[in-house]
Every structure is written in C-alpha cells, then in structure tokens.
Amino acid sequence: MTIYTGPVFEMAKRQFSVVADHLQIPEDERDRLLYPKRAITVTIPIHTDDGRTRVFEGYRVQHHLTLGPTKGGTRFAENLNIGEVGALAIWMSWKCALAGLPYGGAKGGVACNPYSLSMRELEAVSRRYMQEMIPFVGPHTDIMAPDMGTNEQVMAWFMDTYSMHQGHAVSEIVTGKPIAVGGTLGRREATGRGIAFLVARAAEKLKLDLGRSSAIVQGFGNVGSISAITLARRYGMTITGLSDHTAAFYDPAGLPLDEIEAYVAAHRVLAGWSKESAIDPNDLLIQTCDVLVPAAVEQVITERNAGRLQCRILAEGANGPTTPEADTILDQRRDEIFVIPDILCNSGGVIVSYFEWVQDLQQLFWTETEVNAKLEKLLDMAFTQVAERAAADGISNRNAAMAIGVGKVRAGKQLRGLFP
Ligand code: NAD
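Numbering (our numbering), first residue to last: 1 to 420.
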C-alpha cells in the first residue's frame, strides 16, 4: 500500500529497481531506501481577485534525513500530484549524494497554473503554502528552492513568511532567493551553466568541437534559456532549435538567440516570435543536432522517439525527461548517443543552492568567480566518477550515476543503523 502512484513515480521505482539489482541490494532493504520518510499534504485557500475563495492543494515530500536536512524545489504546475512530487524527491536524494552534498532529497509544490494567476494571487498561494509548511521545514530540517513555475520572487515570499513567523530574518530557509535578501551570486544561472559545462566535458571526451556544433533546447524557462545562452556564448555553439509550452522553432542555419531572448523578456513566451521557423513541437527533438537538451518536463523521450533521436550528446536538463522504455533503447545506442543523465546533468542547481545555504548560515558571501569555480570543481568530480563507474561496471551513465548516489545513501543508512 502506498500513496505514491502514477507514471512518474513508477519511473523512479523502476530506475531504482534496476540499480538495486545491479548493486545486489537485498529485497528487504529496498523499501527503506526507496520510499520517502514523510509526505505532507495541505489545502491552500486564497481570495481570488474577483472576490471568491479558491482552494489549491499543496504537497511536500521529504525522502530521507540520513545525511542531513532534506533539500528540494517547489513546483507550481496544474496537474501536480503526490506521486510526481515523491519521484522528484527521490531523484533529489540520488543527485545530492552523487554531488557529495550533505542532504536528503525533498520536493514540493502546489497544483495550480501559475501563469493564470495574477501577481497578487501568486503571492497569496506562495505565502499560504509556506505558512502551512512552517511546522515541517527549517534550515536544519528541510530547505526549499525554486522549480518549474516558481522563481526568485516566490522564494522571497517564502523567506518572508517563514521569517515573520520566527521574528527575525531566516534567509537560510530557502535557496534561489534574490541576492538582495541573502541569495548567492550565480544561483539563477547555475543549472544552465552546469549543463553547458558538462556538455563541454562530454564533448572533450568524445572529441567533438563545440564551436562547430549545434544544439536543440526544449524549454525556455530558467534552465533551458541559460543552457542555450551559455552553450552559444561561452562555447560557440549554434542553437538550431528552441521550444516552450507555446511554440517550437527550428532553423538548421541557427536561431537568433539575442532576438528571441528580447522577445521572451517582453512577451513571457515564444509564441508569436516567427512563422517561418515554426515546427511541430513533437518533431523538434528528432531533428539532427550534436547536442539535445530537454529542459522542460518529464517523459518527453519515450519508446516512440528514442530510436529516432539524431544527437551525439543527450544532456538531460529536466528531471526525468527519459522514460525507462526509452532508456532501454538509448542503452542499445550507447555508442551513438552519450547520455548525461538528469541527476548529474542538472545538479548545478542544487550544488549552488548548497553554496547559498552555506553562505547564509555563515553570513559570509562569495564572489561569482568563487561560486562558479567551486561549481565546476564539483561537477567535474561527479562527471569523472560517473564516466569511470560506467566503464568499470559496463553500465549506462544513468545507472552509474544512480549506483553512486544510491550507494552513498545506503552506506549512510547502514552506518547509522535502524532506530530504535
Ligand atoms: P521554468 O518554469 O523556468 O521553465 C519551464 C519551461 O518549460 C518553460 O519555458 C515552459 O514553457 C516550458 N515547457 C513546459 N511544458 C513544455 C512542453 N510540453 N514542451 C516544451 N516546453 C515546455 O522551469 P525550470 O526551472 O527551467 O525547470 C525546467 C526543468 O528543469 C524541470 O524539469 C525542473 O525540475 C528541472 N530543474 C530545474 C532546476 C532549477 O534550478 N530551476 C534545477 C534542476 C532541475
């Protein structure tokens, strides 16, 4: 019996089971590692702008508390459910362990469409969500961060709501805050920068010249836009494809990133930018390119398109973009497509969130150069470990990354023992 159901949780469960088999983890140890420690569900009533009362449902899942507090993003998305949140919390655990951070994974969110809310309504949802979570979170218990549909402003409201309750400013309760209220330099860009850095590491390994290579990026929010911009400006790549939930564009000669950035800054979405380069969003991922970066939602690479991908590197910016069925196909195409799995690829976000928490606890702030240098050092170590483990065990990069993450959590649990 479990409250965690649905395709995304099933995916996390199947991935774990493959790695548990590989690590020969006894059956009776598996549930302890996989199932989250706590799940909290709350109702969030707000006054809407038209004077009605509306109730949203909110969640927070804390996966394990073995190695430190839990850490994870907050997603505002229409069809959010506890199974999806549970899966995202579990992935956070393996991700934090792989990067060597002293955290368990968590995730939370509200089932709402943030784009349909006014600023005042969004603030009401954010504040009431944090208010309901106050008994269950804390700088040494569970630290929140942004995810899809939330941003720095939402984090500032979370921090303010928690701080008002405590009677003093508690900046270390959330990461991904604006710099003016204790955020760190480099956090906003961290996930996308990390993805681009790892693409460059993979390209080095594959002897691919990024200056002569192309990339397609799905999603033009925080992660997608910064990935595209960094791949283009720092590594000289040509961005041939871009999409968001409203439109997809493709031009083999390259898309004008500056122009698109300015358009999205003015209109919030890609829709309406161009008619000539428009492409069916379903076809975007199967266009020829050197680097493909899914940076939007889960389960976009499936058994239907995995065999048709035409990229050399698949850099998983989103969490869970590849289904287990697609993974089996990609495993057979291991020599053609180098996969940078999500728990490695997008770990730049939580790594710099960790730096932000450390700086807030110490009230001692670093320069952006220091932040970026430390970020690259941790990413480089994680990349090397994954590549070595994949080669040593003859397994995919995803299973190697998971084996390292799961192995570290397991070691912590074994050493601490079972209480009482
Ligand atoms: P965001 O809300 O800033 O942006 C999401 C983007 O995806 C938007 O451009 C949206 O239009 C687009 N999108 C939504 N549905 C789509 C669809 N069906 N097809 C194409 N585009 C679609 O969110 P984000 O913070 O950029 O997060 C994106 C992904 O990266 C999520 O999977 C998230 O869990 C993961 N992630 C984010 C961070 C972070 O630091 N923000 C860190 C690690 C992982």
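For glycine and all other residues, C-beta sits at the position ideal for the given N, C-alpha and C.
Looking at C-alpha atoms only, which residue of the options is the closest neighbour of residue i?
i: VAL386; options: ASN372, ALA401, LEU378; result: ALA401
i: ASP49; options: GLU78, ALA247, TRP94, GLU123; result: GLU123
i: GLN332; options: ILE395, VAL297, GLU204; result: ILE395
i: PHE419; options: VAL18, LEU65, ARG312, GLU261; result: LEU65
i: SER277; options: GLY221, VAL293, ILE260, LEU292; result: ILE260
i: GLU356; options: LEU67, LYS107, LYS177; result: LYS177
i: PHE249; options: MET237, LYS275, ALA262; result: LYS275
i: LEU23; options: GLY405, VAL181, ARG416; result: GLY405
i: LEU364; options: THR141, ALA145, THR184, GLU303; result: THR184
i: ASN319; options: PRO36, PHE76, LEU67, ALA87; result: ALA87
i: GLY219; options: SER347, PRO146, VAL297; result: VAL297
i: ILE301; options: ALA203, GLU316, THR288; result: GLU316
i: PRO294; options: ALA20, ILE195, ARG32, TYR4; result: ILE195
i: ASP342; options: GLU325, GLY167, PRO321, VAL358; result: PRO321
i: ILE82; options: PRO114, ALA39, LEU98; result: ALA39
i: TYR354; options: ILE44, LEU284, LEU375, ALA20; result: LEU375
i: ILE229; options: ARG201, ALA190, ALA203, HIS245; result: ALA190
i: CYS345; options: GLU10, LYS95, MET11; result: LYS95
i: ASP258; options: ILE226, THR288, GLY407, ASP31; result: ILE226
What do you get for residue i, buried or exposed, if any count of 16 or more other CB atoms within 10 angstroms of its CB means buried?
i: ASP280; result: exposed
i: GLY349; result: buried
i: ASN399; result: buried
i: GLN15; result: buried
i: ARG268; result: exposed
i: PRO252; result: exposed
i: MET381; result: exposed
i: GLY224; result: buried
i: HIS165; result: exposed
i: ASN222; result: buried
i: MET119; result: exposed
i: LYS377; result: exposed
i: GLU152; result: buried
i: GLY104; result: buried
i: SER116; result: exposed
i: GLY211; result: exposed
i: LEU101; result: buried
i: HIS63; result: buried
i: ASN79; result: exposed
i: GLU172; result: buried
i: THR426; result: Because the chain in this structure spans residues 1 to 420, residue 426 falls outside the shown range and cannot be described.
i: ASP147; result: buried
i: ARG233; result: exposed
i: ARG193; result: buried
i: ILE499; result: Any property of residue 499 remains undetermined from this structure, which presents the chain solely from 1 to 420.
i: ASP244; result: buried
i: ASN113; result: exposed
i: LEU361; result: exposed
i: ALA265; result: exposed
i: VAL199; result: buried
i: GLY167; result: exposed
i: VAL125; result: buried
i: ASP327; result: buried
Can you list, in chain order, the residues of its chain whose CB lies under 8 angstroms from that of residue i, leaving out five sequence neighbours each side?
i: ILE286; result: ASN305, ARG308, LEU309, GLN310
i: VAL170; result: PRO139, MET159, TYR162, SER163
i: ALA247; result: VAL269, LEU270, ALA271, GLY272, TRP273, ALA278, PRO281
i: ARG334; result: SER396
i: GLY254; result: SER214, THR238, ILE239, THR240
i: ILE329; result: GLU303, ALA306, GLY307
i: ARG410; result: LEU23, ILE25, GLU29, LEU33
i: ASN372; result: GLY186, ARG193
i: ALA403; result: VAL19, HIS22, LEU23, ARG389, ASP393, ILE395
i: PHE338; result: ALA202, LYS205, LEU206, ARG312, ILE313, LEU314, ASN397
Are the C-beta atoms of residue i and some chain C residue less than 7 angstroms apart?
i: ASP50; result: This model lacks chain C altogether, as it is built from one protein chain only.
Spatial neighbours of residue i within its chain, please: CB distance less than 6 angstroms, with the 5 preceding and 5 following residues excluded, ordered by chain position.
i: ARG127; result: TRP157, THR161
i: VAL42; result: GLY58, GLU132
i: LEU292; result: ILE216, CYS311, LEU314
i: PRO7; result: none
i: ALA145; result: GLY73, THR175, GLY176, SER353
Give every residue of the same chain whose Cβ lies closer than 7 angstroms to the Cβ of residue i, excluding the five residues on either side of it in the sequence, and list them in chain order.
i: GLY236; result: LEU210, GLY211
i: ALA106; result: ARG60, VAL61, GLN62, HIS63, THR70, LYS71, GLY72, ALA89, MET92, ASP142
i: GLU121; result: ILE46, THR48, ASP49
i: ASP290; result: LEU208, SER213, SER214, ALA215, CYS311, ARG312, ILE313
i: ILE3; result: ALA39, ILE82
Practice task
Could you tell me which uninterrupted alpha helix (DSSP H) segments, each at least 4 residues in length, are contained entirely in the stretch 138-193, listed from first to last along the chain?
Solution key: Runs of the alpha helix (DSSP H) inside the stretch 138-193: 152-166.
Handout entry: Chain-ordered residues, beta carbon under 6 angstroms from a heavy atom of ligand 1
Key = PRO146, ASP147, MET148, GLY149, THR191, GLN218, GLY219, PHE220, GLY221, ASN222, VAL223, GLY224, SER243, ASP244, HIS245, PRO281, ALA295, ALA296, VAL297, GLY317, ALA318, ASN319, ASN346, GLY349
Problem - Sequence ranges, beta strand (DSSP E) only - wholly within the stretch 218-272, length at least 3 - result: 238-243, 248-250
Problem - Whole runs of the beta strand (DSSP E) within the stretch 82-123, excluding any shorter than 3 residues - result: 104-111
Exercise for the section: Any chance you could list the alpha helix (DSSP H) runs of at least 4 consecutive residues sitting entirely within the stretch 340-386, in chain order? Expected result: Entirely contained in the stretch 340-386, the alpha helix (DSSP H) runs reaching 4 residues are, in chain order, 342-345, 348-362.
Handout entry: Ordered list of beta strand (DSSP E) runs contained in the stretch 294-324, each at least 3 residues
Key = 313-315
Problem - Any beta strand (DSSP E) of 3 or more consecutive residues that is wholly inside the stretch 41-89 - result: Taking 3 residues as the minimum length, the beta strand (DSSP E) runs contained wholly in the stretch 41-89 are 53-62, 70-77, in order along the chain.
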